[in-house]
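Our numbering runs 388 ahead of the 1-based position in the sequence shown.
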Amino acid sequence: MRTSVHLLLFASAIAIAVGAFGPLLDSLKPQHISFDNLRNGFPDGQSIEQLGHQSVNLWTSLAIGLLAVAAVTLIAALVGSRTLAALAVLVGLAGLGVLTWRLDQNFDDRLRHDYSDLLNGSWGLYLAGGGLIVALLCVLAPRERIRAGV
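If you want it as structure tokens, here you go:
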């Protein structure tokens, strides 16, 4: 990989790791979303604020998934493995995609009408999503050409 790709993957890994501790939507953080919520959906009758105050073990939350994606991206940047970086990006995008799908399932009306209020201060979503997009662009960058010796 090119040196700039290594550096951008490294920066993306840091952005994803920091974004794992920030708010994704209003007061909802990745530490408040369990893998069970992603698999089975959010409970009916709860608001986004109530989801933001539920207690979830860190080891079973979305935050550990984003931290694992950041760690694999960092290892891929250090080793120079495009395959490992692509795997990390796909898992991270799948995690955010499932979260979006589950939020749309339960809070469709509120997300459509109050999206500007809900996305104010969502720096965790911007860092994690932006880091994943930059990492995806790094994976899709062309390989470095090897010049034949003269």
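Here a beta-carbon is modelled for each residue, glycine too, at the ideal position from N, C-alpha and C.
Which residue comes first and which comes last in the alpha helix (DSSP H) that contains residue i?
i: Gly518; result: Trp511 to Leu528
i: Glu437; result: Ile436 to Gly440
i: Asp497; result: Asp496 to His501
i: Asn445; result: Premise fails: Asn445 is in no alpha helix (DSSP H) and is neither H nor E.
i: Ser400; result: Thr391 to Gly407
Measure how close the beta-carbons of residue i and residue j come, nearest whole angstrom, since I'm counting them as under 8 Å.
i: Val457; j: Ile521; result: Wrong, their Cβ atoms sit about 13 Å apart, outside the cutoff.
i: Leu484; j: Ala401; result: 16 Å between Cβ atoms; not a contact.
i: Leu515; j: Gly410; result: 6 Å
i: Gly512; j: Gly407; result: 5 Å
i: Leu446; j: Gln419; result: 6 Å
i: Thr448; j: Phe423; result: 6 Å
Under a three-way DSSP split, which group does residue i fall into?
i: Leu507; result: coil
i: Leu413; result: strand
i: Ser422; result: strand
i: Asp432; result: coil
i: Arg531; result: coil
i: Gly468; result: coil
i: Ala458; result: helix
i: Ser473; result: It should be pointed out that residue 473 corresponds to Ala in this sequence rather than to Ser. Of the three classes helix, strand and coil, the one that applies to Ala473 here is helix, per DSSP.
i: Ala536; result: coil
Count the other C-beta atoms from every protein chain shown that fall within 10 angstroms of the C-beta of residue i, then say buried if there are 16 or more, exposed otherwise.
i: Ile436; result: buried
i: Val444; result: buried
i: Ile421; result: buried
i: Leu491; result: buried
i: Gly517; result: buried
i: Asn425; result: buried
i: Val460; result: buried
i: Ala451; result: buried
Output needed for residue i: all residues of its chain with C-beta closer than 8 Å, excluding positions within five of it in sequence on either side, in chain order.
i: Ser415; result: Ile436, Glu437, Gly440 and His441
Excluding the 5 residues flanking residue i on each side, which residues of the same chain have their C-beta closer than 6 Å to its C-beta?
i: Leu524; result: Val477
i: Gly480; result: Val457 and Leu520
i: Asn508; result: none
i: His394; result: Ala465
Less than 7 Å between C-beta atoms, sequence neighbours within five positions excluded: which residues of the same chain meet that for residue i?
i: Ser510; result: Pro411, Leu412 and Leu413
i: Ala474; result: Val527
i: Phe495; result: Ile436
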